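**Student:**
Numbering (the numbering used here), first residue to last: 10 to 343.
In structure tokens, the structure reads:
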């Protein structure tokens, strides 16, 4: 017996078979209505959940707005004078670009609306306007010249470190460095910290001769400690692949290249700050784990921390030497 006929015989009443050929439209609509009625509670539940999630997201964005959108369109600043200068230069360029964008796009959309196609109208055929073309060319050139002048006027304060402040670490007179590229304040007094990148961690060596002989100098990993109100010059290099040192609030990023030294500086105004950064060069599979921190302390705290590092490192070296001697005596180390 054909399936349609069997279904027709079994069905009865107005709710009979609805998928057989020739079923009434009313029966089809009733079936769809039953499906919708069955799904309506689940749909309402989903809508309530979405509304609750949207409400929580709105509250969260209001609570954390100051942190989430801080320096959203501009570089981070506030940790060092060079970072502040980079931020101000960026904002000048950004504001000029916004004005140019609004003028150009406004003229474009106005032209599209004003000279839109009209039935029966023939648009005027224009082959150029020499005066207008010269005007916007000269205007663009003047903007570029102005930006270049502002940029060069700020380069000095971005590249050249200032003297340490009165409340900074009391430094000895400046000494000649191994490289003439290393920046120095006008009085030559600076604190040099060597930054060495390796997969996937940063090492910091503290001392004026760290770029020539790091043996015996205090060091730390991942977190740098620096005194407030003190000009700190960073000697940056790498031992394996190219890395990139970048603490946004302390200035621009600088590549750490094997066999080559880069230099930058910062002068943090206040103790108690912790500045965070990240290697900004894809350096391998664990690149995302290569974070960096700079903790700012008072000059007295910095001196005490250095002394403690020296003692801890010396104690660890003694323990290693004792273990080496013991293994040698036992014949386990040849």
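By construction, the Cβ of each residue, glycine as well, lies at the ideal position given by its N, Cα and C atoms. A quick note: this is a predicted structure, and the numbers were derived from the prediction, not measured.
If we count Cβ pairs, one from each stretch, closer than 8 Å, do we get three or more for the region 290 to 304 versus the region 233 to 240?
**Tutor:** yes
**Student:** Does the distance from the C-beta atom of residue 244 to that of residue 270 stay below 8 Å?
**Tutor:** As a first step, residue 244 is located in the chain shown; it is residue number 235 there, counting from the start. As a first step, residue 270 is located in the chain shown; it is residue number 261 there, counting from the start. Going by C-beta atoms, residue 244 is nearer than 8 Å to residue 270.
**Student:** Whole-angstrom Cβ separation of residue 89 and residue 275, contact assumed at under 8 Å?
**Tutor:** Here residue 89 is taken as the residue at index 80 of the chain shown, counted from 1. Here residue 275 is taken as the residue at index 266 of the chain shown, counted from 1. About 4 Å separates the Cβ atoms of residue 89 and residue 275, confirming a contact at the 8 Å cut-off.
**Student:** Which whole-angstrom value describes the C-beta separation of residue 208 and residue 292, a residue pair presumed to lie in contact below a C-beta threshold of 8 Å?
**Tutor:** One-based indexing of the chain shown puts residue 208 at position 199. One-based indexing of the chain shown puts residue 292 at position 283. Indeed they touch by this definition, with Cβ atoms about 6 Å apart.
**Student:** Quick check: the region 157 to 170 against the region 190 to 204, are there 3 or more CB pairs under 8 Å?
**Tutor:** Proximity of the region 157 to 170 to the region 190 to 204 meets the contact definition, three or more beta-carbon pairs being nearer than 8 Å.
**Student:** Decide if residue 157 is buried, meaning its Cβ has at least 16 other Cβ atoms within 10 Å, or exposed.
**Tutor:** The sequence position of residue 157 within the chain shown is 148, counting from 1. Looking at its Cβ environment, which holds fewer than 16 other Cβ atoms inside 10 Å, residue 157 is exposed.
**Student:** One question on the structure: do residue 257 and residue 286 come within less than 8 Å of each other, judged by their Cβ atoms?
**Tutor:** Stepping through the chain shown from its first residue, residue 257 is reached at position 248. Stepping through the chain shown from its first residue, residue 286 is reached at position 277. Yes, the pair counts as a contact, with Cβ atoms nearer than the cut-off.
**Student:** How far does the alpha helix (DSSP H) with residue 198 in it extend, from its first residue to its last?
**Tutor:** As a working note, residue 198 is residue 189 in the chain shown. Unbroken run through residue 198: none, as it is neither H nor E.
**Student:** Taking C-beta to C-beta, are residue 254 and residue 204 nearer than 8 Å?
**Tutor:** As a first step, residue 254 is located in the chain shown; it is residue number 245 there, counting from the start. As a first step, residue 204 is located in the chain shown; it is residue number 195 there, counting from the start. For residue 254 and residue 204, yes; Cβs fall inside 8 Å.
**Student:** Please report the residue range of the beta strand (DSSP E) in which residue 272 lies.
**Tutor:** Counting from one through the chain shown, the residue named residue 272 turns up at place 263. Per DSSP, the continuous beta strand (DSSP E) segment holding residue 272 begins and ends at 271 to 275.
**Student:** Please list the segments of the alpha helix (DSSP H) lying wholly inside the region 126 to 183, counting only runs of 4 or more residues, in order along the chain.
**Tutor:** 139 to 168
**Student:** Have a look at 152, 92, 319 and flag the residue whose alpha-carbon is nearest the alpha-carbon of residue 109.
**Tutor:** Here residue 109 is taken as the residue at index 100 of the chain shown, counted from 1. Checked all of 152, 92, 319; the closest Cα to residue 109 is 152.
**Student:** Our contact map puts residue 82 next to residue 103 with C-beta atoms below 8 Å; I'd like the distance itself, whole angstroms only.
**Tutor:** Residue mapping note: residue 82 aligns to position 73 of the chain shown, counting from 1. Residue mapping note: residue 103 aligns to position 94 of the chain shown, counting from 1. With 8 Å as the limit, residue 82 and residue 103 qualify as a contact, their Cβ atoms being about 7 Å apart.
**Student:** Helix, strand or coil: which one does DSSP assign to residue 192?
**Tutor:** If you number the chain shown from 1, residue 192 lands on position 183. If DSSP states are grouped into helix, strand and coil, residue 192 belongs with coil.
**Student:** Taking the alpha-carbon positions, what's the residue 128 to residue 121 distance?
**Tutor:** Position 119 of the chain shown, counting from 1, holds the residue named residue 128. Position 112 of the chain shown, counting from 1, holds the residue named residue 121. Between the alpha carbons of residue 128 and residue 121 lies a gap of roughly 16 Å.
**Student:** What separation, rounded to the nearest whole angstrom, lies between the Cα atoms of residue 218 and residue 227?
**Tutor:** Residue numbering aside, residue 218 sits at position 209 when the chain shown is read from its first letter. Residue numbering aside, residue 227 sits at position 218 when the chain shown is read from its first letter. Approximately 12 Å, taken between the alpha carbons.
**Student:** Go ahead and label residue 308 buried or exposed: buried means 16 or more other beta carbons lie within 10 angstroms of its beta carbon, across all protein chains shown.
**Tutor:** Walking along the chain shown from the start, residue 308 turns up at place 299. By the 10 Å Cβ count, residue 308 comes out buried.
**Student:** Thinking C-alpha only, which one of 267, 259, 325 is nearest residue 279?
**Tutor:** For the purposes of this step, residue 279 is taken as residue 270 along the chain shown, with counting starting at 1. Ranking the options by Cα distance to residue 279, first place goes to 259.
**Student:** Look at the alpha carbon of residue 315 and the alpha carbon of residue 336, and state the distance between them as a whole number of angstroms.
**Tutor:** Against the chain shown, residue 315 aligns to sequence position 306. Against the chain shown, residue 336 aligns to sequence position 327. One alpha carbon belongs to residue 315, the other to residue 336, and they sit about 32 Å apart.
**Student:** Which term fits residue 160, buried or exposed, when burial requires 16 or more other beta carbons within 10 angstroms of its beta carbon?
**Tutor:** For the purposes of this step, residue 160 is identified with residue 151 of the chain shown, where counting begins at 1. Result: exposed.
**Student:** Report the CB separation of residue 289 from residue 266 in whole angstroms; it is logged as a contact under 8 Å.
**Tutor:** Looking up residue 289 in the chain shown gives position 280. Looking up residue 266 in the chain shown gives position 257. That belief does not hold up - the Cβ atoms of residue 289 and residue 266 are roughly 13 Å apart, past 8 Å.
**Student:** Near residue 176, what residues of its chain come up, given a Cβ to Cβ distance below 8 Å and the 5 sequence neighbours on each side ignored?
**Tutor:** For the purposes of this step, residue 176 is taken as the residue at position 167 of the chain shown. The answer, listed in chain order, is 237, 238, 308.
**Student:** DSSP three-state call for residue 217: helix, strand or coil?
**Tutor:** If you number the chain shown from 1, residue 217 lands on position 208. When DSSP states are grouped into helix, strand and coil, residue 217 belongs to the coil group.
**Student:** Taking the alpha-carbon positions, what's the residue 359 to residue 97 distance?
**Tutor:** Because the chain is modelled from 10 through 343, residue 359 falls outside the range shown and cannot be assessed.
**Student:** In the DSSP assignment, the beta strand (DSSP E) including residue 263 goes from what residue to what residue?
**Tutor:** The residue labelled residue 263 in the question sits at position 254 within the chain shown. First-last of the beta strand (DSSP E) with residue 263: 263 to 265.
**Student:** Looking at the strands, I want to know which residues DSSP matches up with residue 252.
**Tutor:** Within the chain shown, residue 252 is the residue found at index 243, counting from 1. Per DSSP, 265.
**Student:** Please state whether DSSP places residue 238 in a helix, a strand or coil.
**Tutor:** Working through the chain shown from its first residue, we reach residue 238 at position 229. DSSP places residue 238 in coil when its eight states are reduced to three.
**Student:** Do you know offhand how far residue 124's Cα is from residue 113's?
**Tutor:** In the chain shown, the residue the question calls residue 124 occupies position 115. In the chain shown, the residue the question calls residue 113 occupies position 104. Each residue's alpha carbon lies about 16 Å from the other.
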